[in-house]
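Colleague: Before I ask anything, here is the structure I am working with.
Chains as they are written, first to last, in the numbering used here: chain A, 847 to 1499; chain B, 676 to 925.
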């Protein structure tokens, strides 16, 4: 009895002191979250400032004409961004055109048509496709897709369409078509996963309403599901486009990376990110400024796309989202035009005869249509699975040999050896790359995960007013910022602050941290918001101070989603290449300290193909590294699914 | 009265959990049958079996025989079954992406009605039959979800009536409505009674008394008793039924 009546046990004075102490803790905690929000604001502001001030000399020198000129000449200091801008727009548009129909088919199958027990494995493979690092896609494109295009597809296209400029020019394999295809394959899982979520969010009652009228599954989808999910679908596609526009490494490996405006689908060209990653680190003076200007253009494009996409994704009502829905103007029925005849069974309408005679009316055709759609949708699933299967099987075939050797995990990559001396290459390994990845990820996580948590808590719990909404927008903006831009900005910061060792493990770790932070923040925010208000109220009613409610009760019940978000962020950072190529530098040696360059798994694949010119020994080790990355991603996705029963694609992708 | 539908040995499952056990009953033509019983006794499951919607749920499985005019529905094309046996759901679920007009026309379009005058005639008749015409005459182009809750439910009834179903299933159609809207839906159902074969799942025993010719009492997935509504409520055969209709449990 006395144990329950705590008022008897704590003197009022003491209670007051304890409360004051808790209030102090609460203020400290809230201060931490506000600090994280402020730091984010400063960082995004700094990002824009650095891009703009870096671009200023080029802007002053070339004026608006920069955007429309096709020239890139260091000796004459003459630069124009038209080929890269055009290349970016064309590859992305083409990729979208190729990917969206297939992705929608996969989403429709996964959400509407697939038998229940297929849905979970299907979701896993879609998640896995979205989790595979872009450098692995690029490597596969370089090693499998480009030779295939050069050997079979492009000659055939050129042969059947003589004289059409779209399919003219030298057949290289690398070029616009290869870039667009790799991009399409890369963004397909992302678009499919987000589209499936949009379809799944349509309440079951709507499907049942349509089915209850006698609709087939396809008719139900067409009648109501697709219409209701439209804003979400538009958002998914826009986000996919944003992903395509900012993709760097996969494109850089297959597009030829030449500053020439494409003349046909086969032309070697460049995109803004692919050009940035190739040129930025070694550039100076006016060229660097021109690159900054390109980066600014890229930032503006991706910002617009991402803000647009999230706006659409946030809508559930079509009418408030799309200006002027497609209401076919139908004159309302007026008295005199049609006179209702009392109860529905009183008068027999003329169409009823046809229905009666043909019972089941049109049913054969409708069933055939349902079957045809099912075939199309299944074809989309197969089409989506083919590149994934090819990628995994190639990585296994090429990488399993080296990856099975224990010394592969402990030794340095073999020294570059002659292109035609493949038998003489000494066996190397990826020990330093594994070490570097672990160190970079650990340091990055130490910055990104606590920072993201505080930021997410700020967004969900404190940032409810204008500034809070602004911070939310900044998180979205950072989430959609191509990682190559983070790399450029961080490199610029470290160059100012730490000139001789600008490219360092430290810079790389900061880049990964900044990359992870918005992902964790977004997941935390969403998880906290999904905790019902009643839970919060129950804790508040017990006299919990606000920060304890947040930390113990709310965060406790949202733990699974927060952990999943952090796993997602780790996976993204573990596969990150573009930002690390710029910030962590090129190295194949064991770490000597945080101020020196750091190797890592994903950048190693890129370096093996570019810096080391595809030396056979390195390429074999790169396949081993790709296989290791694939294994890690597959295992982490599976872990997340088994532990928390949900995918890692989340809303944060 | 001849039987419109006949159910024999109906069993239904959700995954491994059995929800209905060996149901046998007959539904009379142009009569209203109420299904009553405590929550979770399988009323809605039974109703959803009648137009094959149960099997659309994850893990939903059905065994047994369901006849409509002597034809076994369990073997038939579900799309055909559902346009002969219409359904109105617990919560109004008009298509939010379609206008009032298109909501009602949706079923007609499925049946291949394309001509505008035919569509307009069918929509107007169905809305009139659902007692909604006067209220929405000028709102035909507005979204279906812009109507009030009671209007939405009558819109859903109109949508189901437009395709001239032979049987209309109603799954607690008033449970989410306020008393005034409930009264309007009830008076609509009272008017439809003479023309349609209605099956009404309800929690509200007074509603069953007001509307139903016959009443079936379900308990724990089994049919306890079916008979004339007055018999069920005043002189039931089973003690269990008597206890339920007198409010001793449920």
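C-beta atoms are modelled at their ideal positions from N, C-alpha and C, and glycine is treated no differently.
Contact between the segment 1074–1084 of chain A and the segment 1399–1406 of chain A is defined here as three or more beta-carbon pairs at a separation below 8 Å; is this criterion met?
Modeller: Verdict: no, contact absent.
Colleague: Out of curiosity, what's the CA-to-CA distance linking residue 851 of chain B and residue 878 of chain B?
Modeller: So the alpha carbons of these two residues sit roughly 12 Å apart.
Colleague: Alpha carbon to alpha carbon, how far is residue 833 of chain B from residue 858 of chain B? Give it in angstroms, no decimals.
Modeller: Looking at the two C-alpha atoms, the distance is approximately 17 Å.
Colleague: Helix, strand or coil for residue 901 of chain B, going by three-state DSSP, please let me know.
Modeller: In the structure shown, residue 901 of chain B sits in a strand (DSSP, three-state: E or B).
Colleague: Pull up the DSSP beta-bridge partners for residue 695 of chain B, would you.
Modeller: DSSP output for residue 695 of chain B lists B:687 as bridge partner(s).
Colleague: Have a look at residue 1460 of chain A and residue 1454 of chain A and give me their C-alpha separation to the nearest angstrom.
Modeller: Taking the straight line from one Cα to the other gives about 6 Å.
Colleague: Please compile the residues from chain A whose C-beta is within a distance smaller than 7 Å of the C-beta of residue 733 of chain B.
Modeller: Within chain A, the residues near residue 733 of chain B are 962.
Colleague: Are the CB atoms of residue 886 of chain A and residue 1374 of chain A nearer to each other than 7 Å?
Modeller: Taking 7 Å as the Cβ cut-off, residue 886 of chain A and residue 1374 of chain A do not qualify as a contacting pair.
Colleague: Based on Cα-Cα distance, which residue from B:912, B:916, B:895, B:823 lies nearest to residue 698 of chain B?
Modeller: For the residues B:912, B:916, B:895, B:823, the minimum Cα distance to residue 698 of chain B belongs to B:895.
Colleague: Can you give me the C-alpha to C-alpha distance between residue 993 of chain A and residue 910 of chain A, rounded to a whole angstrom?
Modeller: Each residue's Cα considered, the two are about 39 Å apart.
Colleague: Determine the DSSP secondary structure at residue 925 of chain B, reduced to helix, strand or coil.
Modeller: Three-state result, residue 925 of chain B: coil.
Colleague: If we ignore side chains and look at the alpha-carbon of each, how far apart do residue 1028 of chain A and residue 933 of chain A end up?
Modeller: Whole-angstrom Cα-Cα distance: 14 Å.
Colleague: Given this structure, state the Cα-to-Cα distance separating residue 1092 of chain A from residue 1140 of chain A, to the nearest angstrom.
Modeller: Straight-line Cα distance between these residues: approximately 12 Å.
Colleague: Nearest CA to the CA of residue 1312 of chain A: which residue from A:877, A:883, A:874, A:868?
Modeller: Comparing Cα-Cα distances from residue 1312 of chain A to each of A:877, A:883, A:874, A:868, the minimum goes to A:883.
Colleague: Please classify residue 867 of chain A as buried or exposed, where buried requires at least 16 neighbouring CB atoms within 10 angstroms.
Modeller: Residue 867 of chain A should be labelled exposed.
Colleague: Under 7 Å Cβ to Cβ from residue 953 of chain A, same chain only, skipping five residues before and after it: list those, please.
Modeller: Closer than 7 Å at Cβ, skipping near neighbours: 1038, 1041, 1042, 1045.
Colleague: Is there a C-beta anywhere in chain B that falls below 7 Å from the one on residue 1209 of chain A?
Modeller: So, interface residue.
Colleague: Should the segment 1441–1453 of chain A be regarded as contacting the segment 1463–1474 of chain A, the criterion being three or more beta carbon pairs within less than 8 Å?
Modeller: Flag = yes, the segment 1441–1453 of chain A and the segment 1463–1474 of chain A touch.
Colleague: Using the three-state DSSP reduction, which class does residue 752 of chain B fall into: helix, strand or coil?
Modeller: Residue 752 of chain B: coil per DSSP, three-state reduction.
Colleague: Less than 8 Å between the CB atoms is what I'm expecting for residue 1280 of chain A and residue 1259 of chain A, so what's the real figure, rounded?
Modeller: Contact flag wrong, Cβ pair sits at about 11 Å.
Colleague: Using alpha carbons as the reference points, say which of A:1324, A:1363, A:1255 lies closest to residue 1292 of chain A.
Modeller: Cα-wise, what sits closest to residue 1292 of chain A is A:1363.
Colleague: Rounded C-beta distance between residue 1012 of chain A and residue 1110 of chain A? I'm assuming under 8 Å.
Modeller: Between residue 1110 of chain A and residue 1012 of chain A the Cβ distance is about 6 Å, and since that is below 8 Å, they are a contact.
Colleague: Cβ of residue 889 of chain B within 7 Å of Cβ of residue 900 of chain B?
Modeller: In this structure, residue 900 of chain B does not lie closer than 7 Å to residue 889 of chain B by Cβ.
Colleague: Rounded to a whole number of angstroms, what is the C-alpha to C-alpha distance between residue 1108 of chain A and residue 967 of chain A?
Modeller: Near 40 Å, if we compare the C-alpha coordinates of residue 967 of chain A and residue 1108 of chain A.
Colleague: Within the continuous alpha helix (DSSP H) that includes residue 875 of chain A, where are the two ends?
Modeller: Where residue 875 of chain A is concerned, the enclosing alpha helix (DSSP H) stretches over 858–908.
Colleague: Below 8 Å on the Cβ atoms is my guess for residue 1358 of chain A versus residue 1421 of chain A; work out the distance and round it to an integer in Å.
Modeller: With 8 Å as the limit, residue 1358 of chain A and residue 1421 of chain A do not qualify as a contact, their Cβ atoms being about 11 Å apart.
Colleague: Establish whether the CB of residue 758 of chain B and some CB of chain A are separated by less than 7 Å.
Modeller: By this cut-off, residue 758 of chain B is an interface position.
Colleague: Which chain B residues sit within Cβ distance under 7 Å of residue 1070 of chain A?
Modeller: Correct list: 770, 772.
Colleague: Helix, strand or coil for residue 1163 of chain A, going by three-state DSSP, please let me know.
Modeller: Only weak support is given to the placement of residue 1163 of chain A: the predicted model assigns it a pLDDT of 46, under 50, and the value that follows is read from those uncertain coordinates. Looking at residue 1163 of chain A - three-state DSSP - the assignment turns out to be coil, as it is neither helix nor strand.
Colleague: At the 7 Å Cβ level, is residue 781 of chain B part of the contact set with chain A, yes or no?
Modeller: Interface residue, yes.
Colleague: Sort A:908, A:1052, A:1119 by Cα distance to residue 1332 of chain A and report the nearest one.
Modeller: Minimum Cα distance to residue 1332 of chain A is reached at A:1119.
Colleague: Where residue 1098 of chain A and residue 1130 of chain A are concerned, what is the direct C-alpha to C-alpha distance, given to the nearest angstrom?
Modeller: Cα to Cα, the separation comes out at about 21 Å.
Colleague: Tell me, please, whether the CB atom of residue 785 of chain B is closer than 7 Å to any CB atom in chain A?
Modeller: It does; some Cβ of chain A falls within 7 Å.
Colleague: In angstroms with no decimal places, state the Cα-to-Cα distance between residue 1290 of chain A and residue 1416 of chain A.
Modeller: So the two alpha carbons sit approximately 9 Å from each other.
Colleague: Note the first and the last residue of the continuous beta strand (DSSP E) segment covering residue 739 of chain B.
Modeller: Taken as a continuous stretch (DSSP letters only), the beta strand (DSSP E) holding residue 739 of chain B covers 735–743.
Colleague: Which residues in chain B have a C-beta closer than 8 Å to the C-beta of residue 1410 of chain A? List them in chain order.
Modeller: Under the 8 Å cutoff, chain B gives no residues; its nearest Cβ is about 23 Å from residue 1410 of chain A.
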